[in-house]
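See structure below.
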Amino acid sequence: MPDDPAEPRRSSTALTYALEEGIATIAIDDGKANVMSVSTLRALDAALDRAAADRAVVVLRGRPGMFSAGFDLAAFKRDPQETLEMLQAGAAMAERLLSFPHPVVAVCTGHAIAMGAFILLCADLRIGAWPEAKIQVNEVQIGLTVPDFAIEICRQRLSPAHFNLAVVTATPYTQHQAVAAGFLDEAILAEQLADLLKSRADHLRKLHRESFTATKLRLRGPALASLRDAIRRDVEGWAERFRKTA
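Shown next as structure tokens:
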């Protein structure tokens, strides 16, 4: 019997995919911090493959209270090769989301930290639906240097007044502050999400898809070029660093 397209599929990384009326909902819920581990990034990449084949509007969301806490920091203590693969996969995911041919809606269902915040910055529409959420580029707070690719992601979406604050000083933002900074487009209460999301997704679903894709790539062409150059520099630096620690 063929799969019901509306029936959620769950992966080993607690990622589900559900397709309904041209809208693909990709939900991440590991019951914890929704970290962007290698396995989660692979599962997300596969889900985007399926959404592309379905020509669907993508709705990417976490669980109540947590969108994503970013990369799996435990990987840094386990295996240099795993860490390198995770960082490369995260950078590639940012590029893919920023250039994805169909509309991508990110629903910030809770805290979005580091890579979680970068994913928000790559979506076409970002809706905050958890007023208690903290959104933060926290690398310098925890002793890490912000990667070049992440700086370019922030540069192309954050307002000039907040670009420096967010990246250099690790300033945390509330949901409403995140709208002014550029992390989010809208901020609502959780109980308002279902109606608003349906309205926004229906609008995006009715756009002329080829015109949408061409305009998106034209608008983001300079940012994508800078991002790809930044990823190249990051990969070279990571490879050198993790060869020394292997």
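Each residue of the sequence shown is one higher than the one before, starting from -15 at the first, in the working numbering. Ideal Cβ placement from N, Cα and C applies to all residues, glycine included.
Nonlocal neighbours in the same chain, by C-beta distance under 8 Å from residue i, ignoring five residues either side
i	result
A36	F84, P85, H86
I137	A78, L82, F102, L105, C106, L211
Candidates the options, of which the one nearest residue i by Cα
i	options	result
R26	L57, A(-2), V163	A(-2)
W114	G54, V130, T129, G94	G94
G46	A17, P156, T199	A17
A316	S23, L188, K118	Nothing in the structure corresponds to residue 316, since the chain is present only between -15 and 230.
A31	M50, P48, I10	I10
A58	D213, D218, M70, H192	M70
D108	L128, G166, T153, A145	G166
A2	R34, T24, V22	R34
D29	P48, R80, Q72	R80
S52	E220, C92, L173	C92
R39	S23, L181, E194	E194
S23	E5, Q72, G205	Q72
T158	H146, D179, E116, F147	E116
A145	T129, A134, A164	A164
L168	D14, I111, E5	I111
Start-to-end residues for the alpha helix (DSSP H) that takes in residue i
i	result
M70	64 to 82
A185	177 to 189
Reduced DSSP secondary structure (H/G/I, E/B, other) of residue i
i	result
S283	Only positions -15 to 230 of the chain appear in the structure, and residue 283 is not among them; the question remains open.
V19	coil
A37	helix
I126	coil
A98	coil
T158	coil
T0	strand
L57	coil
E220	helix
V43	strand
M(-15)	In this predicted model, M(-15) has a pLDDT of only 32, less than 50, meaning its place in the structure is not dependable; the value taken from the coordinates is given anyway. Three-state result, M(-15): coil.
F226	helix
Extent of the continuous beta strand (DSSP E) to which residue i belongs
i	result
L168	Neither: L168 is in no beta strand (DSSP E) and is coded neither H nor E.
E116	Per DSSP, E116 belongs to no beta strand (DSSP E) and is neither H nor E.
G234	No answer is possible for residue 234: the residues shown for the chain start at -15 and end at 230.
V89	88 to 92
A11	7 to 12
Status (buried if at least 16 other CB within 10 Å, exposed otherwise) for residue i
i	result
V151	buried
N122	buried
A65	The question names Ala, yet the displayed sequence has Gln at residue 65. Q65 comes out exposed.
P131	buried
L142	buried
A214	buried
L181	buried
I126	exposed
R227	exposed
6 Å CB neighbourhood of residue i in its chain, flanking five on each side removed
i	result
L177	A113
F60	T67
M99	M20, G54, F55, G74
P156	K118, Q120
G231	A query on residue 231 cannot be resolved here, the shown segment of the chain reaching from -15 to 230 and no further.
R217	D132
I12	L(-1), N18, G46
Nonlocal neighbours in the same chain, by C-beta distance under 7 Å from residue i, ignoring five residues either side
i	result
A185	I7, V41, V43, V89
P(-14)	Low confidence applies to P(-14): its pLDDT is 36, below 50, so where it sits in the model is not reliable enough to give any reading.
Residue i at chain C interface by Cβ criterion, 8 Å
i	result
L168	This model lacks chain C altogether, as it is built from one protein chain only.
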